[in-house]
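Take a look at the structure below.
Number of protein chains: 2
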Amino acid sequence: MADDVASTERSRGGMSEQRRRRVRLEISREAARLFWAQGVDGTSGDQIAEAVGLSTRTIWRHFRSKESCAEPIVAQSVEWELATLRSWPPRRSLEEHFATEAKRLVSEIGPSEQADAGLGIKMVRLAETEPALRTAWLMACDQVERELAGVIATRLGLRPDDLQVRLHAAATAAALRVINEYVGAGLLDGTDPRQLGDESFAFIADAVRTATGGAVGDPVHTDEAPAEPDEAAPGSCGPGPSTTR
Amino acid sequence: MADDVASTERSRGGMSEQRRRRVRLEISREAARLFWAQGVDGTSGDQIAEAVGLSTRTIWRHFRSKESCAEPIVAQSVEWELATLRSWPPRRSLEEHFATEAKRLVSEIGPSEQADAGLGIKMVRLAETEPALRTAWLMACDQVERELAGVIATRLGLRPDDLQVRLHAAATAAALRVINEYVGAGLLDGTDPRQLGDESFAFIADAVRTATGGAVGDPVHTDEAPAEPDEAAPGSCGPGPSTTR
DNA sequence: AACCCGTCTGTCACTTAGTGACAATGTCAC
DNA sequence: GTGACATTGTCACTAAGTGACAGACGGGTT
Chain A
255 MADDVASTER
265 SRGGMSEQRR
275 RRVRLEISRE
285 AARLFWAQGV
295 DGTSGDQIAE
305 AVGLSTRTIW
315 RHFRSKESCA
325 EPIVAQSVEW
335 ELATLRSWPP
345 RRSLEEHFAT
355 EAKRLVSEIG
365 PSEQADAGLG
375 IKMVRLAETE
385 PALRTAWLMA
395 CDQVERELAG
405 VIATRLGLRP
415 DDLQVRLHAA
425 ATAAALRVIN
435 EYVGAGLLDG
445 TDPRQLGDES
455 FAFIADAVRT
465 ATGGAVGDPV
475 HTDEAPAEPD
485 EAAPGSCGPG
495 PSTTR
Chain B
255 MADDVASTER
265 SRGGMSEQRR
275 RRVRLEISRE
285 AARLFWAQGV
295 DGTSGDQIAE
305 AVGLSTRTIW
315 RHFRSKESCA
325 EPIVAQSVEW
335 ELATLRSWPP
345 RRSLEEHFAT
355 EAKRLVSEIG
365 PSEQADAGLG
375 IKMVRLAETE
385 PALRTAWLMA
395 CDQVERELAG
405 VIATRLGLRP
415 DDLQVRLHAA
425 ATAAALRVIN
435 EYVGAGLLDG
445 TDPRQLGDES
455 FAFIADAVRT
465 ATGGAVGDPV
475 HTDEAPAEPD
485 EAAPGSCGPG
495 PSTTR
């Protein structure tokens with residue numbers, strides 16, 4: 255918690271990169287708290303600035319608009335899914351990978367992360383009624399989509415801007431968004447977090463397979479011998495969901 | 255062409271409903287034209303008002319924000335897809351329906367509609383770089399998603415707020431969005447519209463099947479005897495039905 | 001005709017989100 | 001230390017958007 259900025263890169267031109275993200279996150283926390291307590295319209299830039307202890311001008315230096323103040327806290331709430339997808343080894347199935355990563359996550363999470371996650375869920379909930387916030391949420395999902403395109407492209411051996419890849423990424427990201435909204439709503443309504451968490455892993459794996467027509471989800475063979483000639487023809491019949499559980 | 259407002263409903267409170275939509279569309283046309291010519295930031299509310307021949311105050315009476323001025327023209331550019339999905343008879347396949355509707359559309363389209371469609375495509379293109387406009391585009395896609403939920407729910411015999419339906423709708427809407435962006439970019443780059451049009455129909459049908467894991471796209475049997483036992487269990491473990499709600 | 005009534009619109013004053021410009025401070029490199 | 005650069009604060013300013021009031025249009029009643 256001490257001001258140890260030693261080990262971080264600050265190659266040239268100030269302590270940016272890392273410190274900037276911390277400041278943005280700090281602002282975002284306060285903004286989200288106020289948004290949830292008083293609504294977006296009921297919260298002014300001056301209030302946010304005062305709450306975080308900075309001048310209003312500095313707030314606008316870090317965020318281009320009031321609503322976008324919520325972005326970091328929202329982005330962080332999907333960051334773990336993103337990181338999980340990013341670190342998905344080619345030779346593992348989605349279910350396996352999510353199961354192990356989820357375990358690791360549960361053991362590593364601290365109270366601060368938990369609070370942030372709660373704020374993120376609240377922002378997603380607010381986004382359902384506040385169009386201004388919906389932008390922030392959809393932007394975060396947009397980012398997920400972009401990252402997913404990279405992941406999927408790698409697994410299918412195609413380029414990230416390939417139309418098929420983009421379609422898969424978009425469908426998957428949309429499904430993830432719906433699941434996040436569903437799980438978030440459940441958590442706010444008091445559903446048992448543990449059960450909901452377990453459910454959500456199954457949901458995610460299932461949704462990814464479905465949204466990509468079964469093309470993404472199974473282990474892939476990197477070297478050669480595709481052995482799955484069905485991925486190019488997205489016909490009606492579903493793929494064999496080899497539950498590697 | 256004449257001011258025949260007779261046949262239209264004006265059940266309560268003035269000629270609204272229809273006239274209001276015309277005014278909004280008129281504003282939207284000019285706004286889109288200016289946005290494309292000078293960028294969003296380079297266009298002021300006063301300019302839009304002057305271009306359309308109204309006072310600035312009236313613009314804000316019709317639109318809650320500058321960017322949202324683009325919404326009607328964007329919404330109209332996806333309206334035909336929406337209408338096509340909406341009128342999709344249960345017993346037909348998606349390919350059949352889109353093919354006949356596309357023919358009908360080509361014969362019915364006029365120069366005004368064509369101009370509007372061009373503006374819509376330009377707005378979608380602009381949305382890739384102008385975050386303010388991206389909101390309008392994503393909002394339109396959001397509307398598509400909602401309508402799709404209804405369509406899919408009907409075809410699968412489920413409720414529109416069923417999680418599975420929402421997942422299918424979200425994935426499908428996302429795929430449609432990507433196709434629209436792809437086709438729009440192609441049109442602006444000078445690809446032959448006819449060929450691109452034919453392509454897009456195939457894309458859409460294909461994408462809908464893929465995005466829903468094959469659950470949506472085929473004719474359905476309304477009365478009974480599903481004859482397609484694969485649609486209920488789209489993945490490994492069917493978590494959906496046990497909604498703890 | 002005059003009259004009323006409701007809606008739409010314009011004008012103007014006003015709040016607030018967001019920017020530009022400049023000065024003050026703080027930090028690193030030397 | 002001093003100079004270069006980045007961050008922040010202060011203040012004046014533009015532009016988005018709202019509230020309030022008044023006039024215009026239009027249609028129905030007598």
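Sequence lines, in order, name chains A and B.
Residues in the first sequence are numbered consecutively from 255, following my numbering.
Residues in the second sequence are numbered consecutively from 255, following my numbering.
Using N, Cα and C, we set each Cβ at its ideal position, and we do this for glycine too.
* Distance, Cα to Cα, E335/B vs L279/A? -> It is roughly 40 Å from the alpha-carbon of E335/B to the alpha-carbon of L279/A.
* Other residues of its chain near L288/B: CB distance less than 7 Å, five sequence neighbours each side excluded -> Only residues of its own chain outside the window of five on either side were considered, and among them T297, Q301, I302 and A305 have a CB closer than 7 Å to the CB of L288/B, listed in chain order.
* Where do the N-terminal and C-terminal ends of the alpha helix (DSSP H) with G322/B fall, by residue? -> One detail in the question is off: residue 322/B reads as Ser in this sequence, not Gly. Segment: none, S322/B is in no alpha helix (DSSP H) and carries neither H nor E.
* Quick one: what does DSSP say L363/B is sitting in, helix, strand or coil? -> Leu is not the amino acid found at residue 363/B; the sequence shown has Ile there. The three-state secondary structure of I363/B, taken from DSSP, is coil.
* Using three-state DSSP, classify C419/B as helix, strand or coil. => Residue identity differs from the one stated: residue 419/B is Val in this sequence, not Cys. Reduced to three states, the DSSP call for V419/B is helix.
* Please confirm if the segment 320 to 339 of chain B is in contact with the segment 390 to 403 of chain B, defined as three or more CB-CB distances below 8 Å between the two stretches. => Judged by Cβ distances under 8 Å, the segment 320 to 339 of chain B makes contact with the segment 390 to 403 of chain B, as three or more pairs qualify.
* Given that V432/A touches chain B, what residues does it touch there, using C-beta distances under 7 Å? -> Result: R420, L421 and A424.
* To do: Measure the CB-CB distance between A324/A and L392/A and report whether it falls below 8 Å.
  => In this structure, A324/A sits away from L392/A, with a CB-CB distance that is not shorter than 8 Å.
* From the DSSP output, in three-state form, read off F317/A for me. => F317/A falls in the coil class under three-state DSSP.
* Show which residues of chain B have a CB atom less than 9 Å away from the CB atom of A394/A. => Listed along chain B is no residue with a C-beta nearer than 9 Å to that of A394/A; the closest approach is about 12 Å.
* The alpha helix (DSSP H) with W342/A in it runs from where to where? -> Looking at the DSSP string, W342/A is not in any alpha helix (DSSP H), and its letter there is neither H nor E.
* According to the neighbour-count rule (16 or more other Cβ atoms, all chains shown, within 10 Å of its Cβ), is S309/A buried or exposed? -> Looking at its Cβ environment, which holds fewer than 16 other Cβ atoms inside 10 Å, S309/A is exposed.
* To do: Answer with buried or exposed for V360/B, where buried requires no fewer than 16 other C-beta atoms within 10 angstroms of its C-beta.
  => By the beta-carbon neighbour count (other beta carbons within 10 angstroms, threshold 16), V360/B is exposed.
* To do: Report buried or exposed for A425/A, applying the criterion of at least 16 other Cβ atoms within 10 angstroms of its Cβ.
  => By the neighbour-count definition (other C-beta atoms within 10 Å, threshold 16), A425/A is a buried residue.
* To do: Go through its chain and collect everything with a Cβ distance to G374/A's Cβ below 7 Å, but skip five positions before and after it.
  => Around G374/A: I327, V328, Q330 and S331.
* Asked: Nearest-angstrom Cα distance between G364/B and T464/B?
  -> Cα atoms of G364/B and T464/B: separation of roughly 33 Å, rounded to the nearest angstrom.
* Could you list which residues in chain A have their beta carbon closer than 7 Å to that of A461/B, in chain order? => Those within 7 Å of A461/B in chain A are L421.
* Taking just the CA atoms, how far does R283/A sit from T354/B? -> T354/B and R283/A: Cα-Cα distance of roughly 53 Å.
* Asked: For A429/A, which residues in chain B fall below 7 Å Cβ to Cβ?
  -> What A429/A touches in chain B: L421, A424 and A425.
* Asked: Roughly how many whole angstroms lie between the Cα atoms of A423/A and G307/B?
  -> Distance between A423/A and G307/B, taken at the CA atoms: about 44 Å.
* Asked: Which value, in whole angstroms, describes the spacing of the CA atoms of D452/B and N434/B?
  -> Rounded to the nearest angstrom, the gap between the Cα atoms of D452/B and N434/B is 13 Å.
* Between which two residues does the alpha helix (DSSP H) containing E271/B stretch? -> Premise fails: E271/B is in no alpha helix (DSSP H) and is neither H nor E.
* Under 8 Å by Cβ, that's how I've got R345/B and P447/B pegged, so tell me the actual separation to the nearest angstrom. => Contact doesn't hold; Cβ gap of about 31 Å is too wide.
* Would you report the Cα separation of Q272/B and A285/B, rounded to the nearest angstrom? -> If you draw a straight line from the Cα of Q272/B to the Cα of A285/B, it is about 20 Å long.
* Use the C-beta contact count for K357/B: other C-beta atoms within 10 angstroms, 16 or more gives buried, fewer gives exposed. => With fewer than 16 other Cβ atoms from the protein chains shown falling within 10 Å of its own Cβ, K357/B counts as exposed.
* What is the DSSP secondary structure of H475/B, counted as helix, strand or coil? -> Coil at H475/B, not helix or strand.
* Asked: Closer than 8 Å, CB to CB, is T502/B near chain A or not?
  -> Coverage of chain B is limited to positions 255 through 499, which leaves residue 502/B absent and any answer about it impossible.
* Residue span of the alpha helix (DSSP H) that contains E401/A, given as start and end -> P385 to L410 is the extent of the alpha helix (DSSP H) around E401/A.
* Asked: What is the rounded straight-line gap between the Cα of G468/B and the Cα of S319/B?
  -> Rounded to the nearest angstrom, the two C-alpha atoms are 40 Å apart.
* To do: Over the uninterrupted alpha helix (DSSP H) stretch that includes R448/B, give me the two end residues.
  => Per DSSP, the continuous alpha helix (DSSP H) segment holding R448/B begins and ends at P447 to A465.
* Asked: According to the Cβ coordinates, are G471/A and A459/A closer than 8 Å?
  -> Yes, the Cβ-Cβ distance between G471/A and A459/A is below 8 Å.
* **Helix, strand or coil at S347/A [DSSP, three-state]** => It is coil, neither helix nor strand.
* In whole angstroms, what is the alpha-carbon distance linking V432/A and R420/B? -> Roughly 7 Å between the two C-alpha positions.
* Which residues in the same chain as A427/B place their Cβ atom closer than 6 Å to its Cβ, once the five residues preceding and following it in sequence are excluded? -> Around A427/B: C395, V398, E399 and L402.
* To do: Count the other C-beta atoms from every protein chain shown that fall within 10 angstroms of the C-beta of G411/B, then say buried if there are 16 or more, exposed otherwise.
  => An exposed status is given to G411/B, since fewer than 16 other beta-carbon atoms sit within 10 Å of its beta-carbon.
* Contact set between T389/A and chain B, taken where Cβ atoms lie within less than 7 Å -> Identification of chain B residues near T389/A by a Cβ-Cβ cut-off of 7 Å yields T389, ordered along the chain.
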